[in-house]
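Positions in the sequence shown are counted from 1; adding 2 to them yields the working numbering. A virtual CB, placed ideally from N, CA and C, is assigned to each residue, including glycine.
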Amino acid sequence: MRNKRNPPRQPLSQSRPKIVSKTKLLPPPKKARLLRAPTSLAKADGARTTAPKPRRGPASRRAPAAKRAPEIFARLHRAYPDARCALDFASPYQLLVATILSAQCTDKRVNMVTPALFGRYASPETLASAKPEELEEMIKSTGFFRNKARSLVGMATAIADRHGGAVPSTMEQLVDLPGVGRKTANVVLGNAYHRDEGIVVDTHVTRVSQRLALTTSTDAVKIEQDLMPLFPRDQWTLLAHLLIEHGRRICVARTPKCEQCVLSDLCPSSRV
Ligand code: SF4
3 MRNKRNPPRQ
13 PLSQSRPKIV
23 SKTKLLPPPK
33 KARLLRAPTS
43 LAKADGARTT
53 APKPRRGPAS
63 RRAPAAKRAP
73 EIFARLHRAY
83 PDARCALDFA
93 SPYQLLVATI
103 LSAQCTDKRV
113 NMVTPALFGR
123 YASPETLASA
133 KPEELEEMIK
143 STGFFRNKAR
153 SLVGMATAIA
163 DRHGGAVPST
173 MEQLVDLPGV
183 GRKTANVVLG
193 NAYHRDEGIV
203 VDTHVTRVSQ
213 RLALTTSTDA
223 VKIEQDLMPL
233 FPRDQWTLLA
243 HLLIEHGRRI
253 CVARTPKCEQ
263 CVLSDLCPSS
273 RV
């Protein structure tokens, strides 16, 4: 019997609670917030709180490297008219010895050592027969003296044996000598033989040409390849001296003196 207590059963379709889509129960999404890039990657470690502003500056700074290169050379040449090789030498042999000694050492220190060295070992033949301990003692203050002594004796022996005692004047023959790489060969060719075969890339040339956006490379050989097409060949040797001079005086490693720099309006890294 059906009564109020036992109401008639409803069809299933009516008795089940209506299923409401879950998504409808969620509060309406808040207006999407614009996501901003973090102000600084270094913010997380508290090192910096604001991103470095891109240095725009005058349009001359944003010109392609090939457009800026001639003016960069001209201004550096005006600023450093006496730029030259800072190593003291009187012959290709002496320059080769001095350049090998200058690795990881200042030119000033090398110039203090070489007069006595050239007096004692005046030619590749005498250097080839040097007693290692005696040679090491003479060049000790330039650092890495054992390796350098080995390179000097190896280089001198090769010159005496294969080149009749004369320092070769081609890139191929020079880099074939023990302890002589492309940079050393460029120094000798450019300054002792006045041959612009390449551009010397040392720590100053690397830093300054990177800051000037003449290269993005960190590898010396690639930096040289980037620089060579930007400057006429007969400027290559002098260019290295100019960049080195600028790197020593103004575009120093730690804090470049951009406010004194003659290239400020041509340099994408300028801080002024
Ligand atoms: S403007 Fe500054 S960073 Fe650029 S070359 Fe001059 S000193 Fe170096």
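Given residue i, which residues of its chain have a CB within under 7 Å of its CB, disregarding the five upstream and five downstream residues?
i, result
"serine 211", "Thr217, Ile225, Leu229, Leu245"
"phenylalanine 147", "Glu138, Ile141"
"glutamate 247", "Tyr82, Ala85"
"arginine 77", "Val264, Leu265"
"glycine 167", "Ser125, Pro126, Glu127, Ile161"
"threonine 144", "Leu103, Cys107, Arg111, Val112, Val115, Lys150"
"alanine 255", "Arg209"
"tyrosine 123", "Leu129, Ala132"
"glutamine 262", "Ile252"
Counting only the same chain and skipping the five closest in sequence on each side, list residues whose C-beta sits under 6 Å from that of residue i.
i, result
"aspartate 90", "Asn113"
"arginine 273", "Cys260"
"valine 189", "Thr101, Val202"
"methionine 325", "No answer is possible for residue 325: it lies beyond the span of the chain, which begins at 3 and ends at 274."
"serine 276", "Here the chain has residues from 3 to 274 only, and residue 276 is not among them."
"proline 170", "Leu176"
"tryptophan 238", "Asp198, Ile201"
"aspartate 109", "Ala88, Leu89"
Please return the same chain residues whose Cβ sits closer than 8 Å to the Cβ of residue i, not counting the five positions on each side in sequence.
i, result
"alanine 118", "Met140"
"arginine 80", "Val264"
"isoleucine 102", "Lys150, Ser153, Leu154, Met157, Gly181, Val182, Thr186"
"arginine 235", "Asp198"
Hey, quick one: how far does the alpha helix (DSSP H) through residue i stretch, first residue to last?
i, result
"isoleucine 252", "Where isoleucine 252 is concerned, there is no enclosing alpha helix (DSSP H), given that its DSSP letter is neither H nor E."
"glutamine 227", "222-229"
"leucine 78", "67-81"
"aspartate 109", "109-122"
"glutamate 136", "134-141"
"arginine 213", "205-213"
"threonine 128", "126-130"
"proline 94", "94-103"
"alanine 85", "Alanine 85 -> no alpha helix (DSSP H), and no H or E assigned at all."
"serine 62", "61-64"
Taking the alpha-carbon positions, what's the residue i to residue j distance?
i, j, result
"histidine 243", "arginine 86", "6 Å"
"glycine 192", "glycine 183", "14 Å"
"glutamate 73", "aspartate 267", "11 Å"
"valine 177", "alanine 187", "6 Å"
"serine 125", "valine 202", "25 Å"
"proline 130", "aspartate 204", "A small correction: the amino acid at residue 130 is alanine; proline does not occupy that position in the sequence shown. Rounded to the nearest angstrom, the two C-alpha atoms are 28 Å apart."
"proline 258", "leucine 214", "12 Å"
"leucine 1", "arginine 197", "Residue 1 lies beyond the residue range present for the chain, which begins at 3 and ends at 274; the question has no answer from this structure."
"alanine 67", "proline 134", "48 Å"
"valine 115", "cysteine 269", "38 Å"
"leucine 97", "lysine 69", "34 Å"
"alanine 88", "alanine 222", "20 Å"
"glycine 121", "alanine 132", "13 Å"
"leucine 240", "alanine 105", "20 Å"
"arginine 63", "valine 207", "19 Å"
"alanine 281", "glutamate 136", "Any question about residue 281 goes unanswered here, given that the chain covers just 3 to 274."
"arginine 251", "histidine 165", "39 Å"
"glutamine 227", "alanine 194", "22 Å"
"serine 219", "alanine 61", "23 Å"
"alanine 92", "valine 99", "11 Å"
"tyrosine 95", "phenylalanine 75", "30 Å"
Between residue i and residue j, which are expected to be in contact by the criterion C-beta below 8 Å, what is the C-beta distance as a whole number of angstroms?
i, j, result
"alanine 160", "proline 180", "6 Å"
"cysteine 276", "arginine 209", "The first residue shown for the chain is 3 and the last is 274, placing residue 276 beyond what the model contains."
Within 8 Å (strictly less), CB to CB, does residue i reach chain D?
i, result
"isoleucine 252", "Here chain D cannot be found, since the structure has a single protein chain."
Could I get the ranges of all uninterrupted alpha helix (DSSP H) runs contained in the segment 143-200, with 4 residues as the minimum, in chain order? 147-164, 173-177, 184-193
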